[in-house]
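K.L.:
Heads up: the protein sequence lines correspond to chains L and G, in order. Per our numbering, residue 900 is the first one in the first sequence, and the count goes up by one each step. Per our numbering, residue 3 is the first one in the second sequence, and the count goes up by one each step. Below you will find the structure I want to go over with you.
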Amino acid sequence: MSTNLVKLLSFVLSAMVGGYLASWVYEIATAPPAQKSPVAAVTTPDKTPEEDTSEDSTPVQGVVIDEGGDVSANDSDMAAMDAEDEDESAWEGTDDGSGLVERDPDSFMPKEQPPAPLKEIAEADIPVLPGQDVVPGVCTSARNGSIERNAKKLADAYDKLEKKGKGKTEFRSEDFAPDAWKKPDIIYKDLLERVLSKIGDGNDEAIWAFLADPANRLDLARITLIRKVGYEGIRKVAEQKMGSALLFELSSDLDWINGVVFSGPTDRLGQGLVYLAKIYSLYSEDMQDPVTRRIAATTATEFARERYSEKDMLARFAYYFSSYQAGKLNVLFDDLAYWETRLVTGCKEPGGWGSPQSLAWQRDNVRLPVEGYLGASGQLVYRLRNVAGDSVFSDDYLGPIMKYTKNTTAWAHREIGGVCGACSHYGAYGALAAGLPAMTMGEPGHCAYAVRVGTEWKKGYSIYWQHGMHKTFWGMHDWDFLILMQDLYTERNKTMVSDELVALAELLASRRMMKSAIDCFDAAVVAQPLNWPAWISYAAYLKQKAPQNKEKWKEMHDKVVETMAVKFHNCAASMLSRYVYPHLLPLEPNRRERNKMFAAFFKKCKDFGTNRWDIAPLLTAHMAGCPNPEEQLAYMKEALNTLMDKPDYSGAVLAWGLDFIASVPGSDAENEKLQEEFSELVVKTMSRARTTKKTIDATWAALGEAIYTAATNGDKRTFQAIGKLASRKCKKMFPKNKFKFRAFPGKIVSAKGIIRTATTLDPGQMPQCCLHWAVLQKTGGQIPAKFEGKSGMTLELEDNSRLSGLVCLFGENARRDRDFKVEVSDDGQNWEPVRAKCEISGAVIRCDMRDAAPCARFVRLLRDGDKWESNIVGFYVYGKLLKEKKGEDKK
Amino acid sequence: MLKKLLSVLLVLGVATAPLLSAAEYQTALGKASDRKPVVLFCYGANYDKVSEEVREKFVKKREIMRYARGAVFVEVPIYQLPNEKEQREYKKVMGDAGLPGGIWSYPCLAVVDGSGTLRGVVQGADQMKDAETAGKYLERIIDDYIEQEKLLKKARGTKGKRQISFLAEAADMKDVRMPANPLGEGVQTGLGSLATNATGMLEVGQKMQTMSLEAAHKYVRSVIADGYYSRRQRQEIMAAYSGHVRRNGGSAARLRAIYTEMRNIDPTSIYGAYAEGAIERWVVPMEKSAAAQPASAAGSAGGKGKGNTAMGSSEKSGN
């Protein structure tokens, strides 16, 4: 017995012994003023880093905290968590409160930007080599196949090299001493000789052989770095404290330099290197670690690209570096590639949600598995006004608790609440704080967010189909581009081959080797057809050197359609309408050929693809290529015929067609004819489509969207045509009410008109718009009611009529204290009040106009105040049509 | 010798909770009682180094057990992007049950009652800093849980005002949450509830919008006197009142009185902090501004003049 007890005791005690080691190093400091330098020569690299450093010109006192070294087992309790205190003191004041006041919800949706101007490639003043001053013909399928095979082979080789160097470096070569970087022109000359001697005339075999050698790839990356930053930019970095050492290290390590040069956009790379040199001067000993290098390079390049200050950049670096060192980030962070780390360390709002202080709070208080962040927005109470009644759009909302929450944006919102902006930022920045890719996104009048789970981007707090991503690589905000970026870089080494081919193409172009350059561009987009920047560089060069070469533009068109358009309809449409059609369509006079091209694209669009998108700009771009109104009309018919068979697109194309018809200039008679033709066309194309159980929802939605557009445009004919068509094709969607109410004398003169509501419909209500038409019919329908001052329910009648009364039926009993009024108009613009006696009985409003008996074409029902009313299910205006006697009977 | 050994074991036995590392959640709930809640140790099992460290110390070295007051202890591994094996592991512990709502971060120590309702949680870096800190929070929650259960039991055994006063006392316990239906499904507690409108504003505050300051004051007093509100609810009502007074030109003295009362209801709560911050943000500048003005004007600014209490009447009326 006693022996057993002793054994038990020893087991219990042994379970209580242990400890662990932890360490903590934290440093933060800031930089001396940057200097302004002239623009680089030779090429046209990013010239601006030096121009935008004025905000950084004030030296800031640095703080250095170093608790380095192992913590003994006895101190282990303190180690991991006590480091917090160091964090907070070092970051004090970094949260500037910019995230405390909610933004206007309408401001979250980024505005669509016009296409960026295509940059020309500067050429050296050298003679053109024989055979290089020609535009090569269209790639044969044999060449395309060869490119694909060779690119895959190279990508596999890169994979192997990467795996071999895992945790260290892929390839290292210390060719240029630190001091040599003070003379980048000499380095560039050396590199150029080396590279050109190896690629010769730039034929395919030479290019593949060149890229197969890591030493050559390192040279290419070095050349690209200098070309992008310029001599002056490199000199400036080299002159910084430890700048030469940084350039030496960076340019000696294939993994690191590729992470800087070929892992996303390189705008303002010169400033990025200045920032990186600053980090390097403060943390040089830690830079042997590949993860620390990655954090440093991505923070520096992204903060330069986003034009954030050096102080903010250092604070952000310190946050991720120290969090990584302390093991506080999600383990997924350790294996992120450079491009995805940029989304994390380069997250926006460095003074508010993205301040180290707020990030640290979320890191420590919202620790979740990655998928958990999609629901994290729910940790905030949705509250437009706090309990004291202060609006979320004022700083009084959180003001009183800011001291309690130590000026920490995320914490303050969790205590008090917020609306969509705060909720979505909380969810997204929770993930970002843990080192996981995420971002907020705008939707119309709303803010949502996205978190990457595995390799898939998922939406959080989203209520609309339109998403404008707040962090982009190429300035393209649509969801499709986010997924394109993900797919592009998931095939990391295939993309690397493509990026290197672009770099070679640009180098060859600068050496006036046009034929080889175009071949290289061709190879780049064939090797990785999702490489958006490669397409743009290629289009820029074609525009520069072969703007009239229909064959090459057509080839580009076909390649985009055959590759990118398969999954990324929106991206491909943007590429075509922004960069290809403006050059190609004027070169193609044959209408049939043009329509064939358009049809080829539509053929790829079986559905919306990665996300619903707006097809209208593409259709408009097609239309812009039609030289005259006849061809435009013909094209519109063609587009309708093609797209009406595709349920996802039919509503949008109908709405686009309606908008087009409404915008066509011409006489009344011409427009009348055009509208008639269009209306017939719509009915014909829709009637042709069979409505099965499977497609009824899509048909219903398409017709709803179209009828709404018709109502908005005041297109009565189409409104009625679509309404009738819907009642045939989607019979089950309509109610069969039998209303009982006291009618007025005369006939119903509103049944063949249009009804419009003043409320803004949300996307969920849009498919129900055919029920708006049904509200005018005897069996009834449904339309959201809104009454506020001069906003109410507006009807355009069948024709000019003498009115006797109006009956409006609500879905629920109406309050009797409502003061409804009626106004009439001849033109829908100028309104006159009518002496009408409005009575409310249950759900029925009856307005008796017999005394006044006005003549009008438009009628509207109004009510003061903004009180809620239920949906309207029936709306009938009674009277007598005055078609024949227009004008005579007017009062 | 044996006696000494037995004494040591007895101490250890009392001080530590049974560790059901692989216990099924449902089994644990079945063992829960009004003196013994279930403690869930939820931790990031495949993605979080902090969780690993905390688990090592708290659970594997049993450092947390001495604070668990004999509660039924269940380890819940939370997996990120779980594979099939991990899904099975999770299911082995939780079955088909979900975790209770209100957990915001892992690792954490969640205290749930026999019905699986979250009654308190130790979470976040500050609270989970080390076993001792987390343990003290956990002890407080469990002690309060036991106390709250006693009060609820008493409430269930009585009626009328006495019942409500037990319920109110239970609701005021700071570290534990009330169960959803303390008197049983569908039985009203008689405790006050504060509705909010669509904007999140308290309806109490909305009603005040059209009142004069005097009327608002009387209204607030009557609301508080007529109902049984928890401390937090009373603070929220005072916050709504303060907002109305502030936006309608209430004096510094009146605001100070309101915020002071609001803070004193529970200085350690978020609304205690809010009241303190509000004094600094709004009252102190008003007082300074009034002090800087000539004496004759000071009264009209409301600083030290007539409206010197929460019930003062010198301010203009609300809209």
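The beta-carbon is built from N, C-alpha and C at its ideal position, and this holds for glycine as well.
(1) Mind reading off the beta-carbon distance from residue 241 of chain G to residue 210 of chain G? Whole number of angstroms is fine, and I expect it under 8 Å.
(2) Of the choices L:1260, L:1272, L:1263 and L:1211, whose alpha-carbon is the least far from that of residue 1244 of chain L?
(3) When the distance is taken between beta carbons, is residue 1139 of chain L closer than 9 Å to residue 1097 of chain L?
(4) Let me see if you follow: with CB-CB separation under 9 Å, is residue 48 of chain G close to chain L or not?
(5) Check whether chain L comes within 9 Å of residue 286 of chain G, counting only Cβ atoms and requiring the distance to be less than that.
(6) Taking the alpha-carbon of residue 55 of chain G as reference, which of L:1227, L:1622 and L:1714 has the nearest alpha-carbon?
(7) Buried or exposed: where does residue 945 of chain L fall if 16 or more other Cβ atoms within 10 Å of its Cβ makes it buried?
(8) Go to residue 282 of chain G, then tell me how far its alpha helix (DSSP H) extends in each direction, as first and last residue.
(9) May I ask you to report which of helix, strand or coil DSSP gives residue 1489 of chain L?
(10) What residue does the alpha helix (DSSP H) around residue 1669 of chain L start on, and which one ends it?
(11) With DSSP as the reference, label residue 1509 of chain L as helix, strand or coil.
(12) Whose C-beta lies closer than 6 Å to the C-beta of residue 1204 of chain L among residues of the same chain, with five residues either side of it excluded?
(13) Can you tell which of L:1250, L:1357 and L:1164 has the C-alpha that lies nearest to the C-alpha of residue 1214 of chain L?
(14) Where residue 1663 of chain L and residue 1313 of chain L are concerned, what is the direct C-alpha to C-alpha distance, given to the nearest angstrom?
(15) If contact is defined by three or more beta carbon pairs under 8 Å, each pair taking one atom from either stretch, is the region 1724 to 1736 of chain L in contact with the region 1744 to 1757 of chain L?
(16) Could you tell me which of L:1753, L:1571, L:1580 and L:1446 sits nearest to residue 1624 of chain L, measuring between CA atoms?
(17) Could you list the residues in the region 217 to 248 of chain G with a C-beta less than 8 Å from some C-beta on chain L, going in chain order?
(18) Considering only their Cβ atoms, is the gap separating residue 208 of chain G from residue 180 of chain G smaller than 9 Å?
(19) Mind the definition here: the region 199 to 207 of chain G touches the region 1277 to 1297 of chain L only if three or more C-beta pairs lie below 8 Å; say whether that holds.
(20) Of the residues that make up the region 59 to 91 of chain G, which ones have a beta carbon closer than 8 Å to any beta carbon in chain L?
(21) Using the beta-carbon of each residue, which ones in chain L are nearer than 9 Å to residue 32 of chain G?
(22) Note down, in chain order, each residue of its chain lying with its Cβ closer than 7 Å to the Cβ of residue 1561 of chain L, except the 5 sequence neighbours on either side.
(23) Over the uninterrupted beta strand (DSSP E) stretch that includes residue 1319 of chain L, give me the two end residues.
(24) Which of the three DSSP states is assigned to residue 1465 of chain L in this structure?
(25) How far does the beta strand (DSSP E) with residue 1380 of chain L in it extend, from its first residue to its last?
(26) Is it buried or exposed, residue 1778 of chain L, if we count other Cβ atoms within 10 angstroms and call 16 or more buried?
(27) Establish whether the CB of residue 1776 of chain L and some CB of chain G are separated by less than 9 Å.
(28) Please classify residue 972 of chain L as buried or exposed, where buried requires at least 16 other C-beta atoms within 10 Å of its C-beta.
(29) Just mark residue 78 of chain G as buried or exposed, buried being the case when its beta carbon has 16 or more other beta carbons within 10 Å.
(30) Between residue 1269 of chain L and chain G, is any beta-carbon pair separated by less than 9 Å?
(31) With distances taken from CA atoms, which of G:175, G:184, G:42 and G:28 is nearest residue 125 of chain G?
(32) How many angstroms separate the CA atom of residue 111 of chain G from the CA atom of residue 1358 of chain L?
(33) How many Å lie between residue 1110 of chain L and residue 1403 of chain L at the Cα?
(34) Based on the DSSP output, what are the partners of residue 1693 of chain L in its beta bridges?
(35) Run the CB neighbour count on residue 1767 of chain L, radius 10 Å, all protein chains shown included, and call it buried at 16 or more, exposed below.
(36) Tell me which residue opens and which closes the alpha helix (DSSP H) that residue 1180 of chain L is part of.
P.N.:
Taking the geometry as given:
(1) In fact, because the Cβ distance is near 12 Å, the residues do not count as touching under 8 Å.
(2) L:1211
(3) no
(4) yes
(5) no
(6) L:1227
(7) Legend: pLDDT at residue 945 of chain L = 37, less than 50; position of this residue unreliable, no value from coordinates given.
(8) Looking at the DSSP string, residue 282 of chain G is not in any alpha helix (DSSP H), and its letter there is neither H nor E.
(9) coil
(10) 1669 to 1674
(11) Here residue 1509 of chain L sits in coil by DSSP.
(12) 1166 and 1167
(13) L:1250
(14) 30 Å
(15) yes
(16) L:1580
(17) For the region 217 to 248 of chain G, the residues whose beta carbon sits under 8 Å from a beta carbon of chain L are, in order, 238, 241, 242, 244, 245, 246 and 248.
(18) no
(19) yes
(20) 59, 62, 63, 64, 65, 80, 81, 82 and 83
(21) What residue 32 of chain G touches in chain L: nothing, since even the nearest Cβ is about 26 Å away.
(22) 1612 and 1614
(23) Residue 1319 of chain L -> not in any beta strand (DSSP E); alpha helix (DSSP H) instead, spanning 1319 to 1332.
(24) Helix, per DSSP.
(25) First-last for residue 1380 of chain L: 1378 to 1389, but that is the alpha helix (DSSP H), not the beta strand (DSSP E).
(26) buried
(27) no
(28) Bear in mind that a pLDDT of 30 at residue 972 of chain L, under 50, signals an unreliable position, so the number given afterwards is only what the model happens to contain. The residue in question, residue 972 of chain L, is exposed, as its Cβ has fewer than 16 Cβ neighbours within 10 Å.
(29) buried
(30) Output row for residue 1269 of chain L: interface = yes.
(31) G:42
(32) One alpha carbon belongs to residue 111 of chain G, the other to residue 1358 of chain L, and they sit about 29 Å apart.
(33) 10 Å
(34) L:1655 and L:1759
(35) exposed
(36) 1168 to 1182
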